[in-house]
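In what follows, a structure is listed as structure tokens, so that the remarks can point back to it.
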Amino acid sequence: ERTKRRARLIKEGSIDNPAVPKYLDQAIKFHGTCNSMCPEFECLQRRYQKMVDSFELVNQSLFAKSFHRPAAGMDAPLPEDVRTPKALVDTLRYLVFEIVMNTPWHECHGFVRDRTRSIRQDFTYQNYEGEEAVICTEIIARFHILALHMMSGQPDNQEYMELEQLDKSLTTLGFIYLDGQIPDADQNRKGFPNEPEFRAYTILRHLRDRYVEKDDIRKWPAEVVYSDRVQHALRIYQAVQRYDRATNYGFHAQHYVKTFFELVKSKETDFITACLLQVYFPEIRRFSLKIMAENYMKTSKMTSVEFIKDFLCYESVEQAEHEIRHYGLSIAEHSADGVPFFYLIPGKGSFDGMVAIVWLADIFLTVL
Amino acid sequence: MAPIFAQSNPPTPPVVAAWIRCVKDAIAQERPRLLHEAFMTNVERVFKRRPYPALHLEMRQLKHLSAARNVVEREMGDDWNGLNEMMVAYLWLMEAAEPNIMKQSRPGFQEETRHYFERLKEFMGAVNSAFNSPRGAIIARTAMMTAKWCLLVGDSVDMIFGDRFFKASESLLNLLLKTFNISVAERAPYTQSDQILKKTVTIDLANYLFKLYNKTCQTKLAGTIRQNLGSVGLRLEYPLFRNPTICTYYYYRGIELMRELAFPEAQQALQESYDVCHPRYLKHRRKILIPLLTCSLLVGRFPTYEIIGRPEAQGLDELFIPLCRAIQKGDFRGYRMAMGIEGPNKWKAAWWEQQRLDRLLMDRTNILLWRSLIRKIWILTCSPEQKQHIIRIDDIWACAEALHKKAPEDIDQAEANLLSARPGVDPWGVSDPTTWWFNGLRLGKDQVEGVVMSLLDQKLIRGYLVRQPRDESTLLVLGKVDPFPNIWKLCAPRETQKMALLQPGDMGGGRVVRMNGVKEIGQS
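So the sequences go chain by chain: A and B.
Number 368 marks the last residue of the first sequence (the working numbering); no jumps.
Number 524 marks the last residue of the second sequence (the working numbering); no jumps.
As structure tokens, this is what we get:
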């Protein structure tokens with residue numbers, strides 16, 4: 001049935017014939033025609049294969065199209081398999097207002113991540129860069145950033161995958177924003193009110209890889225580069241510049257760790273930005289502990305864990321202690337004026353930075 | 001059998017016939033310069049030199065591309081089809097050429113320029129096809145000069161249409177990359193200046209690509225070009241390559257290294273470029289001097305008055321000298337004035353931004369300012385007789401806080417009022433609108449300690465930190481020997497990577513794995 005439908009659509013000229021090569025500028029523009037959250041064929045297929053998610057059990061109208069990885073040998077989707085931009089917006093609205101806002105994150109996160117990935121995929125099939133694509137991709141990017149915080153410490157948290165999807169969303173937005181700068185026939189340029197926000201996220205996603213020094217930021221409009229959000233992101237970027245000791249690259253980096261944490265606490269850092277920055281805390285703290293181990297007096301007993309906890313903004317002294325020991329450093333007990341405290345025993349060569357640490361956050365306190 | 005003439009197959013016009021004879025002679029006698037004269041593309045020169053105006057008129061009379069093709073094929077035969085196509089494309093280019101393109105004296109020059117540019121790109125494509133032939137070495141000079149002219153016209157088109165995305169220039173990237181790849185793929189070694197080889201124009205083509213990449217913000221792609229150049233093995237010296245070519249190559253290399261924050265190597269490359277650049281070309285020397293001075297001061301080499309006094313450095317003393325003084329003294333206020341952030345000379349901020357040096361300087365000189373400030377405190381508070389040289393972090397903090405204070409006219413009163421009226425806006429109390437530190441972040445002692453940690457870790461200061469009990473100030477204990485090492489000695493480039501593309505003795509076309517008994521290409 002689908003084979004016949006595909007042949008008919010090819011004959012009508014609605015879709016390209018994959019067996020006939022042609023130039024890109026002669027390709028037929030693909031438009032999705034599905035107006036529901038899930039194409040009919042997939043609903044039937046998933047029912048038959050018993051691949052219905054718990055959020056979709058109530059009735060078929062709650063089915064949302066899942067992400068399908070394009071694979072060699074698979075046919076290209078038909079127009080009826082791809083949702084229209086309006087249907088994609090409705091699907092995202094449903095996911096956010098009905099699922100995310102009414103369900104604990106750890107229960108719905110996997111489902112929503114998969115379905116939002118499918119939404120972006122449908123926009124990509126149609127090569128659609130209209131307003132709906134921008135709004136949906138922006139919301140999806142925010143979802144990924146929030147998930148980095150909300151899912152941290154959960155057993156099935158996959159930070160790397162979350163960051164990968166976030167990067168893809170930001171890349172898509174970057175291209176759309178760039179294309180929007182090219183004026184149309186009437187010399188009008190598209191305006192994106194949230195562009196400064198997402199450009200700031202892009203800078204923060206490249207916090208320690210010399211992104212700003214490369215060329216991309218030159219292509220952004222001046223009003224975006226000089227916006228408060230982007231300028232704040234640049235200040236954060238400045239505060240934790242990376243330097244590679246063994247090479248000739250990256251001289252005179254600032255790397256002011258305490259300043260970095262102060263910037264995170266500042267009023268310019270909103271909640272979502274803080275969720276994104278949280279991803280870098282383990283790496284920055286690891287680097288700082290190494291510096292402390294090498295540059296504080298070896299025989300001093302005054303490099304207290306309490307100081308380290310305040311300096312590197314740990315949640316608690318116990319968390320600081322845990323990380324210090326994790327990296328191979330030692331702690332001893334001392335007292336001053338009858339008050340006991342723990343202190344770091346500095347020393348070069350004792351730091352072991354090869355062992356990665358998982359961001360423990362809430363679960364750490366729960367265990368204690 | 002006599003040819004049958006028609007509109008699509010007209011008799012050969014006399015000037016076209018003479019031109020074709022000229023091309024044939026140049027090929028037969030292996031005279032690349034003469035061949036290039038036959039394929040002149042510079043519109044200004046073309047309409048001033050005989051017989052090109054007549055050639056242009058004859059092409060206008062021929063009208064059709066097919067007619068030109070038939071004429072060329074009839075006269076040239078099918079010995080070298082690539083060259084035939086190149087000749088046809090050139091004649092078609094001549095048909096579109098207009099002196100108005102450069103003079104812009106009549107209306108309609110915009111569309112004429114664009115039309116000419118499209119034909120020029122087609123001609124460049126045809127040049128690539130002919131250049132790719134085994135006999136293509138003779139076209140090397142033509143390929144190089146046509147590429148250069150393409151760049152100029154593309155630039156013109158972008159300017160005429162006010163295109164800040166440089167779409168016309170960007171459309172040349174693939175074409176010129178193909179030309180470059182063709183020249184690089186040649187296996188014969190380039191060892192003498194009178195050789196007729198494709199490699200004679202490799203560096204020029206690379207320079208054009210670097211220029212385009214810089215213009216279109218795609219400098220990431222320059223790395224591939226450098227890699228390919230490295231594998232070819234070319235001696236970057238006169239007379240194999242002209243001095244302007246060498247100068248341009250080193251200039252772009254320096255800019256690339258500067259963007260990658262490899263300041264010592266960047267300084268070396270820019271110095272090489274500056275040394276090669278002829279003293280008469282003041283504009284070019286100035287263009288090289290500005291990033292050179294920047295890289296130099298970042299590696300601790302401040303310009304002498306002799307350099308700043310040179311003709312090409314006119315006006316640069318006003319910009320660089322205050323900056324150098326501020327960095328030398330650790331004067332944060334002087335630094336802000338030199339960068340145009342504070343004070344009456346706000347035009348300086350626009351100048352640094354125009355040179356694309358503002359962010360680089362602000363990001364990478366801050367820590368040098370801290371180092372100089374601490375050094376100044378050390379000089380003022382420590383004496384050589386002391387056993388240990390100790391500086392209190394509190395003292396550093398007090399000085400830095402004073403140097404970061406904003407003048408009353410620079411304070412954002414609305415912001416200050418908001419913070420005092422609604423303290424909940426800043427729950428952690430980290431904001432301070434009266435300070436320049438990170439645009440309004442309160443500068444605390446812990447932050448100063450963090451800065452000192454960074455200085456110690458990067459070996460800009462030798463010493464260690466000692467925390468004290470209770471609220472006493474943390475101490476910075478400086479090393480007994482040279483606590484403030486010379487920046488230039490710290491940053492001195494390693495000897496492992498040389499600037500030249502080639503090591504002595506390496507003469508072949510591409511890297512060949514040495515096997516026993518096998519000679520390298522070009523080795524006698």
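Beta carbons are placed, not taken as given, at the ideal position from N, Cα and C, and that holds for glycine.
Note that this is a predicted model, so its numbers are computed, not measured.
Note down, in chain order, each residue of its chain lying with its Cβ closer than 8 Å to the Cβ of L170(A), except the 5 sequence neighbours on either side.
Taking the first residue of the first sequence as position 1, residue 170(A) is located at position 170. For L170(A), where only same-chain residues beyond five positions count, the Cβ hits under 8 Å are A141, F198, Y201, T202, R205.
If P303(B) sits next to F320(B), beta carbons under 8 Å apart, how far is it from one beta carbon to the other, in whole angstroms?
For the purposes of this step, residue 303(B) is identified with residue 303 of the second sequence, where counting begins at 1. For the purposes of this step, residue 320(B) is identified with residue 320 of the second sequence, where counting begins at 1. Sure, about 6 Å apart at Cβ, within 8 Å.
DSSP beta-bridge partners for A336(A)?
As a first step, residue 336(A) must be located in the first sequence, where it is residue number 336. Answer is V339(A).
Just to make sure I have the definition right: I need the residues of chain B whose C-beta is within less than 7 Å of the C-beta of T171(A). Which are they?
Along the first sequence, read from residue 1 onward, the residue named residue 171(A) stands at position 171. Per Cβ cutoff of 7 Å: no residues; T171(A) is ~15 Å from chain B at best.
Going along chain A, which residues have a C-beta under 7 Å from G450(B)?
Position 450 of the second sequence, counting from 1, holds the residue named residue 450(B). Here the neighbours are Y256, V257, K258, T259.
Please name the residue in P433(B), E30(B), A188(B) whose C-alpha comes closest to that of T200(B).
For the purposes of this step, residue 200(B) is taken as residue 200 along the second sequence, with counting starting at 1. It is A188(B).
If we ignore side chains and look at the alpha-carbon of each, how far apart do S61(A) and F30(A) end up?
One-based indexing of the first sequence puts residue 61(A) at position 61. One-based indexing of the first sequence puts residue 30(A) at position 30. Cα-Cα distance, rounded: 25 Å.
With a threshold of 8 Å, are at least 3 pairs of Cβ atoms found where one atom belongs to the segment 404-412 of chain B and the other to the segment 357-377 of chain B?
No, the segment 404-412 of chain B does not touch the segment 357-377 of chain B.
Contact criterion: CB-CB distance below 7 Å. Does S266(A) meet it with respect to chain B?
Counting from one through the first sequence, the residue named residue 266(A) turns up at place 266. Output row for S266(A): interface = yes.
Quick one: give me the first and last residue of the beta strand (DSSP E) that Y464(B) is part of.
Indexing the second sequence from 1 puts residue 464(B) at position 464. From DSSP, the beta strand (DSSP E) with Y464(B) extends over 463-466.
DSSP on T303(A), reduced to helix/strand/coil?
Your numbering for residue 303(A) matches position 303 in the first sequence. In the structure shown, T303(A) sits in coil (DSSP, three-state: anything other than H, G, I, E or B).
Could you check the C-alpha separation between R6(A) and R46(A) for me, to the nearest Å?
In the first sequence, the residue the question calls residue 6(A) occupies position 6. In the first sequence, the residue the question calls residue 46(A) occupies position 46. Each residue's Cα considered, the two are about 21 Å apart.
Sort R21(B), R49(B), L176(B), E73(B) by Cα distance to A143(B) and report the nearest one.
For this step, residue 143(B) is matched to residue 143 along the second sequence. Taking only the C-alpha atoms, the option nearest A143(B) is L176(B).
Starting from L282(B) and walking both ways along the alpha helix (DSSP H), at which residues does that stretch end?
Numbered from 1 along the second sequence, position 282 holds the residue referred to as residue 282(B). Residues 282-298.
Considering H389(B), what are the terminal residues of the beta strand (DSSP E) in which it resides?
For the purposes of this step, residue 389(B) is taken as residue 389 along the second sequence, with counting starting at 1. Unbroken beta strand (DSSP E) run through H389(B): 389-392.
So which residues on chain A does W428(B) lean against when the C-beta distance must stay under 7 Å?
Here the question's residue 428(B) lines up with position 428 in the second sequence. Those within 7 Å of W428(B) in chain A are K265.
At what residues does the beta strand (DSSP E) containing L478(B) begin and finish?
In the second sequence, residue 478(B) corresponds to position 478, counting from 1. Counting along the chain, the beta strand (DSSP E) containing L478(B) begins and ends at 475-478.
Tell me whether the beta-carbon of L455(B) lies closer than 7 Å to the beta-carbon of R364(B).
Counting from one through the second sequence, the residue named residue 455(B) turns up at place 455. Counting from one through the second sequence, the residue named residue 364(B) turns up at place 364. No, Cβ-Cβ distance for L455(B) and R364(B) is not below 7 Å.
Does the beta carbon of L270(B) come closer than 7 Å to any beta carbon on chain A?
Position 270 of the second sequence, counting from 1, holds the residue named residue 270(B). So, not an interface residue.
Please work out which residues of its chain come closer than 6 Å, Cβ to Cβ, to C34(B), disregarding the five sequence neighbours upstream and downstream, and give them in chain order.
By 1-based counting over the second sequence, the position of residue 34(B) is 34. Note on identity: in this sequence residue 34(B) is Leu, with Cys being the wrong assignment. Same-chain partners within the cutoff: A26.
DSSP three-state label for T171(A), please.
Residue numbering aside, residue 171(A) sits at position 171 when the first sequence is read from its first letter. Helix at T171(A).
Determine, for F351(A), whether the minimum Cβ-Cβ distance to residues of chain B falls below 7 Å.
The residue labelled residue 351(A) in the question sits at position 351 within the first sequence. No, because no Cβ of chain B sits closer than 7 Å to the Cβ of F351(A).
According to DSSP, is C34(A) part of a helix, a strand, or is it coil?
In the first sequence, the residue the question calls residue 34(A) occupies position 34. Strand at C34(A).
Within the segment 201-253 of chain A, note down every full beta strand (DSSP E) run reaching 3 residues or more, in order along the chain.
The qualifying runs do not exist here; there are none.
Expressed to the nearest angstrom, what Euclidean distance is found between the alpha-carbon atoms of Q314(B) and I341(B)?
The residue you call residue 314(B) lines up with position 314 of the second sequence. The residue you call residue 341(B) lines up with position 341 of the second sequence. For Q314(B) and I341(B), the distance between alpha carbons rounds to 22 Å.
Step through the CB atoms of chain A and report whether any lies within less than 7 Å of the CB of Y335(B).
Counting from 1 along the second sequence, the entry for residue 335(B) is found at position 335. No, because no Cβ of chain A sits closer than 7 Å to the Cβ of Y335(B).
Taking the alpha carbon of L478(B) as the reference point, which residue from Y274(B), I393(B), H278(B), E186(B) has its own alpha carbon closest?
Translated into the one-based positions of the second sequence, residue 478(B) becomes position 478. Checking every option, the nearest Cα to that of L478(B) belongs to I393(B).
Counting contacts by CB-CB distance shorter than 7 Å, is I203(A) in contact with chain B?
In the first sequence, counting from the first residue as 1, residue 203(A) sits at position 203. I203(A) does not count as touching chain B.
Can you confirm whether F438(B), when its beta carbon is compared against all beta carbons of chain A, has any partner nearer than 7 Å?
One-based indexing of the second sequence puts residue 438(B) at position 438. Taking Cβ atoms only, chain A reaches closer than 7 Å to F438(B), which makes this a yes.
Taking the C-alpha atoms as reference points, what is the distance between T299(A) and E472(B)?
Stepping through the first sequence from its first residue, residue 299(A) is reached at position 299. Stepping through the second sequence from its first residue, residue 472(B) is reached at position 472. Answer to the nearest angstrom: the Cα atoms are 18 Å apart.
Alpha carbon to alpha carbon, what distance is there between G230(B) and L502(B)?
Here residue 502(B) is taken as the residue at index 502 of the second sequence, counted from 1. Here residue 230(B) is taken as the residue at index 230 of the second sequence, counted from 1. Confidence at L502(B) is low in this model, with a pLDDT of 41, below 50, so its placement is unreliable and the value that follows should be read with caution. Whole-angstrom Cα-Cα distance: 7 Å.
What number of angstroms, rounded off, separates the C-alpha of W397(B) from the C-alpha of L443(B)?
Position 397 of the second sequence, counted from the start, is the residue given in the question as residue 397(B). Position 443 of the second sequence, counted from the start, is the residue given in the question as residue 443(B). Straight-line Cα distance between these residues: approximately 8 Å.
In or out: S335(A) buried (at least 16 other Cβ within 10 Å) or exposed?
Residue mapping note: residue 335(A) aligns to position 335 of the first sequence, counting from 1. Classification for S335(A): exposed.
For R372(A), return the contacting residues in chain B, with the cut-off set at a CB-CB distance below 9 Å.
The displayed coordinates of chain A run from 1 to 368. Any statement about residue 372(A) would go beyond what the structure contains.
On the three-state DSSP scale, how would you describe I28(A)?
Against the first sequence, residue 28(A) aligns to sequence position 28. DSSP places I28(A) in coil when its eight states are reduced to three.
Exposed or buried, what is D352(A) when buried is set at 16 or more other beta-carbons lying within 10 Å of its beta-carbon?
By one-based count along the first sequence, residue 352(A) stands at place 352. Exposed, by the Cβ-count rule.
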